[in-house]
Amino acid sequence: MTPPQGDDETNEGSSYVARRSIFGTTPYDIPRVHGGGNANPQQPQQQQERSSADAASRSYVRRDDEDPLIFKLQQRQKHNKTPPVPIPLPQSHIARTSSELELSEEMEIAEWRERVMFRRLVDGMRKRREAMREQQEQQEQQARKKRAIFVEHSNVVQGRMLLHHEKFELQQALAAVQDEAAA
Numbered sequence: 001m002t003p004p005q006g007d008d009e010t011n012e013g014s015s016y017v018a019r020r021s022i023f024g025t026t027p028y029d030i031p032r033v034h035g036g037g038n039a040n041p042q043q044p045q046q047q048q049e050r051s052s053a054d055a056a057s058r059s060y061v062r063r064d065d066e067d068p069l070i071f072k073l074q075q076r077q078k079h080n081k082t083p084p085v086p087i088p089l090p091q092s093h094i095a096r097t098s099s100e101l102e103l104s105e106e107m108e109i110a111e112w113r114e115r116v117m118f119r120r121l122v123d124g125m126r127k128r129r130e131a132m133r134e135q136q137e138q139q140e141q142q143a144r145k146k147r148a149i150f151v152e153h154s155n156v157v158q159g160r161m162l163l164h165h166e167k168f169e170l171q172q173a174l175a176a177v178q179d180e181a182a183a
């Protein structure tokens, strides 16, 4: 809103008084109280025309339920036509207190300990798996050796039994031939 023409506080030709604040003039006007009667009969008609022109020139009419401070800030931003933009600060420029630094150091130490513990846990699991795999391979190898020994032994035993059986049959055949020859 443009400030009223004439005196800072009053406009000589208007029936309104512009109210001042620390942010400048407010967008609403306070009606001026006129004393006495109307000397000029055209004066009320002129006042109505001026008040309607004043109302039309105002871009915004303040409602009673709005916060005046917010309204003033909005009007100020409209007047400046540059919206306030926060300037982002990089993390390196933010000052940290000693307790925040200590906390960050303690957190780093705790994370390092967790990594070490996790690495030990994974290494232990890997070593245990390798030991179990080696143990299974040894058991399988021993079982193969036992089978080979059993097969070899059974072959030897079978061979011996076969030899013993053949020897026994040969002895019986020889005894039968000797009995026939003696008879």
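Note that full-length UniProt numbering numbers the sequence shown so that position 147 is 147, with each residue one more than the last. Backbone N, C-alpha and C fix where the C-beta goes; we use that ideal spot for every residue, glycine too. For clarity, every value in this text was computed on a predicted model and none was experimentally measured.
Requested in this report: Compute the Euclidean distance between the alpha carbons of Gln136 and Arg115, then round it to the nearest angstrom.
Outcome: 31 Å
**Report entry** Cut-off 8 Å between Cβ atoms - residues of its own chain near Glu106, not counting five sequence neighbours on either side
**Finding:** none
Query raised in the report: Quick one: Cα of Ile109 to Cα of Met132, how far?
Result: 34 Å
Report task. Tell me whether the beta-carbon of Arg96 lies closer than 9 Å to the beta-carbon of Ser104. Result -> yes
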